[in-house]
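Add 6 to a position in the sequence shown, counting from 1, and you land on the number used in our numbering. For reference, the structure is listed below as structure tokens.
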Amino acid sequence: MKGIIFDIKHYAIHDGPGIRQTVFMKGCPLGCWWCHNPESRAREPFSSQKTEKMDGRELQVTETIGKEYSVEELIQIIEKDQVFFEESGGGVTFSGGEPLLQFDFLLEVLHECKKRDIHTVVDTTGYVSQAKMERAAQYTDLFLYDLKHMDDALHRKYTGVGNELILDNLQLLDDLGKEIWVRYALIPGFNDQEENLLNMLAFLQKLKRQPKVSILPYHKIGSHKYHRFGLEYKMNGVEEPAKEYVDEVADLFSEAGYEVSVGG
Ligand code: SF4
Numbered sequence: 007m008k009g010i011i012f013d014i015k016h017y018a019i020h021d022g023p024g025i026r027q028t029v030f031m032k033g034c035p036l037g038c039w040w041c042h043n044p045e046s047r048a049r050e051p052f053s054s055q056k057t058e059k060m061d062g063r064e065l066q067v068t069e070t071i072g073k074e075y076s077v078e079e080l081i082q083i084i085e086k087d088q089v090f091f092e093e094s095g096g097g098v099t100f101s102g103g104e105p106l107l108q109f110d111f112l113l114e115v116l117h118e119c120k121k122r123d124i125h126t127v128v129d130t131t132g133y134v135s136q137a138k139m140e141r142a143a144q145y146t147d148l149f150l151y152d153l154k155h156m157d158d159a160l161h162r163k164y165t166g167v168g169n170e171l172i173l174d175n176l177q178l179l180d181d182l183g184k185e186i187w188v189r190y191a192l193i194p195g196f197n198d199q200e201e202n203l204l205n206m207l208a209f210l211q212k213l214k215r216q217p218k219v220s221i222l223p224y225h226k227i228g229s230h231k232y233h234r235f236g237l238e239y240k241m242n243g244v245e246e247p248a249k250e251y252v253d254e255v256a257d258l259f260s261e262a263g264y265e266v267s268v269g270g
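This is the structure in structure tokens:
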């Protein structure tokens, strides 16, 4: 069985506890307007031209985004960092795209990691069937879980899918007793309104276990990729949120008793 991966980042420190290896898997069922990894969305690998500088000259080179790996190949790469995981309390994080889209491959890799006692994190949109989420939870120590908007219609407008399944799966993982860190990408004009924040807080307060909350302020890094990949960037004119407002949002969650981080 093969999986398609578009990047592997070593020594990552924002994708879960300790020093981690983050595996970026291709394919995403959502199409968020602000996505800073638009190359992740298509499931299959594709080629694209990019400019590289060599000896002061600019050269056009062809880059292929996405590469196939077998379970064994990926496990060998993960195992190379195991000493760092052990020393730092880290492990491997599967991100994307939506890693659960390549479900059979991911499940097998997660299982192999747990056989080796490697800590596993899945960074998910939550947009996957409940049956798959429950099976993945068997071999996942921690979920990084995106919460984008509490209003179904707005969620659908800006991401392409509704939020019902996403909220149901978050509830499911909580019912299963899984550790969850909620990730809230703060996008001006989309989900930064007080009403949405209060609805989000009310939803989280119904969970049995209190998740950590990471606030990820919108940034424009990655917007150039839309031009490169011939995609429409719909966020033109949207500014990054002011630090004071990000701090206010962080205070809202921390005053409600949540452990909050900003930017990771
Ligand atoms: S869920 Fe993440 S990877 Fe998928 S489109 Fe949205 S921002 Fe991009």
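Yeah, the Cβ is synthetic: ideal placement off N, Cα and C, and Gly gets one too.
Mark M60 as exposed unless 16 or more other C-beta atoms lie within 10 angstroms of its C-beta, in which case mark it buried. To locate residue 60, count along the sequence shown from 1; it is residue 54. The residue in question, M60, is exposed, as its Cβ has fewer than 16 Cβ neighbours within 10 Å.
Quick one: residues in its chain with C-beta nearer than 8 Å to the C-beta of D110, no 5 flanking neighbours on either side, listed in chain order? Here residue 110 is taken as the residue at index 104 of the sequence shown, counted from 1. Closer than 8 Å at the Cβ level, and outside the excluded window around D110, lie M7.
Rounded C-alpha distance that separates L182 from A142: For the purposes of this step, residue 182 is taken as the residue at position 176 of the sequence shown. For the purposes of this step, residue 142 is taken as the residue at position 136 of the sequence shown. Spanning the two alpha carbons is a distance of roughly 12 Å.
So if DSSP puts G97 in a beta bridge, which residue, or which two residues, is it bridged to? To locate residue 97, count along the sequence shown from 1; it is residue 91. Answer is R26 and H125.
What did DSSP end up calling E74 once you bin it into helix, strand or coil? The sequence position of residue 74 within the sequence shown is 68, counting from 1. Correct three-state label for E74: strand.
Taking 6 Å as the cut-off, is the C-beta of N43 nearer than that to any heavy atom in the ligand SF4? Within the sequence shown, numbered from 1, the residue matching residue 43 stands at position 37. N43: yes, Cβ under 6 Å from the ligand SF4.
At a cut-off of 6 Å, is Q96 close to the ligand SF4 when judged by its beta-carbon and the heavy atoms of the ligand? If you number the sequence shown from 1, residue 96 lands on position 90. Looking at the sequence shown, residue 96 is not Gln but Gly. No - the ligand SF4 has no heavy atom lying nearer than 6 Å to the Cβ of G96.
Taking only three categories from DSSP, how would you classify M60? As a working note, residue 60 is residue 54 in the sequence shown. Strand, per DSSP.
Are the beta-carbon atoms belonging to T99 and D21 less than 7 Å from one another? Reading the sequence shown from its first residue, position 93 is the one you call residue 99. Reading the sequence shown from its first residue, position 15 is the one you call residue 21. The answer is yes: Cβ separation under 7 Å.
Leaving out five residues before and five after F196 in sequence, what residues of the same chain have Cβ atoms less than 6 Å from its Cβ? By 1-based counting over the sequence shown, the position of residue 196 is 190. Here the set comprises Y164.
At the level of alpha carbons, what is the spacing between E238 and C38? Residue numbering aside, residue 238 sits at position 232 when the sequence shown is read from its first letter. Residue numbering aside, residue 38 sits at position 32 when the sequence shown is read from its first letter. So the two alpha carbons sit approximately 12 Å from each other.
Report yes if the CB atom of Y145 is closer than 7 Å to the CB atom of G132, and no otherwise. As a first step, residue 145 must be located in the sequence shown, where it is residue number 139. As a first step, residue 132 must be located in the sequence shown, where it is residue number 126. Cβ distance not < 7 Å, so Y145 and G132 don't count as in contact.
Residue burial classification, F52 (beta-carbon count within 10 angstroms, cutoff 16): Locating residue 52 in the sequence shown gives position 46, where the first residue counts as 1. That one is exposed.
Roughly how far, in whole angstroms, is the beta-carbon of G167 from the beta-carbon of L36, given that I think they are within contact range, below 8 Å? For this step, residue 167 is matched to residue 161 along the sequence shown. For this step, residue 36 is matched to residue 30 along the sequence shown. Gly is not the amino acid found at residue 167; the sequence shown has Val there. Indeed they touch by this definition, with Cβ atoms about 6 Å apart.
Using only the heavy atoms of the ligand SF4, determine whether one of them is closer than 6 Å to the beta carbon of G228. Start at 1 with the first residue of the sequence shown, and residue 228 comes out as number 222. No, the ligand SF4 has no heavy atom inside 6 Å of this Cβ.
Can you give the beta carbon distance from V255 to I221, rounded, assuming they're within the 8 Å contact cut? The residue you call residue 255 lines up with position 249 of the sequence shown. The residue you call residue 221 lines up with position 215 of the sequence shown. Correct: roughly 6 Å between the Cβ atoms.
In the structure shown, what three-state DSSP assignment does K240 receive? Along the sequence shown, one-based indexing puts residue 240 at 234. Annotated three-state conformation of K240 is coil, per DSSP.
8 Å contact criterion, which L173 and Q136 should meet: CB distance rounded: By one-based count along the sequence shown, residue 173 stands at place 167. By one-based count along the sequence shown, residue 136 stands at place 130. That belief does not hold up - the Cβ atoms of L173 and Q136 are roughly 12 Å apart, past 8 Å.
How should S101 be labelled, buried or exposed, when 16 other C-beta atoms within 10 angstroms of its C-beta is the threshold for buried? Numbered from 1 along the sequence shown, position 95 holds the residue referred to as residue 101. The residue in question, S101, is buried, as its Cβ has 16 or more Cβ neighbours within 10 Å.
Going by CA-CA distance only, name the one from G62, E58 and V77 that's closest to T68. Within the sequence shown, residue 68 is the residue found at index 62, counting from 1. Of the listed residues, the one whose Cα sits closest to T68 is E58.
In DSSP terms, what Y151 is bridged to: Taking the first residue of the sequence shown as position 1, residue 151 is located at position 145. Partner(s): T130 and V188.
Where does K86 land, buried or exposed, given buried means 16+ other C-beta within 10 angstroms? Your numbering for residue 86 matches position 80 in the sequence shown. Exposed, by the Cβ-count rule.
Going by alpha carbons, who is nearest to G236 out of K56, D13 and K226? Locating residue 236 in the sequence shown gives position 230, where the first residue counts as 1. Of the candidates K56, D13 and K226, the one whose C-alpha sits nearest the C-alpha of G236 is K56.
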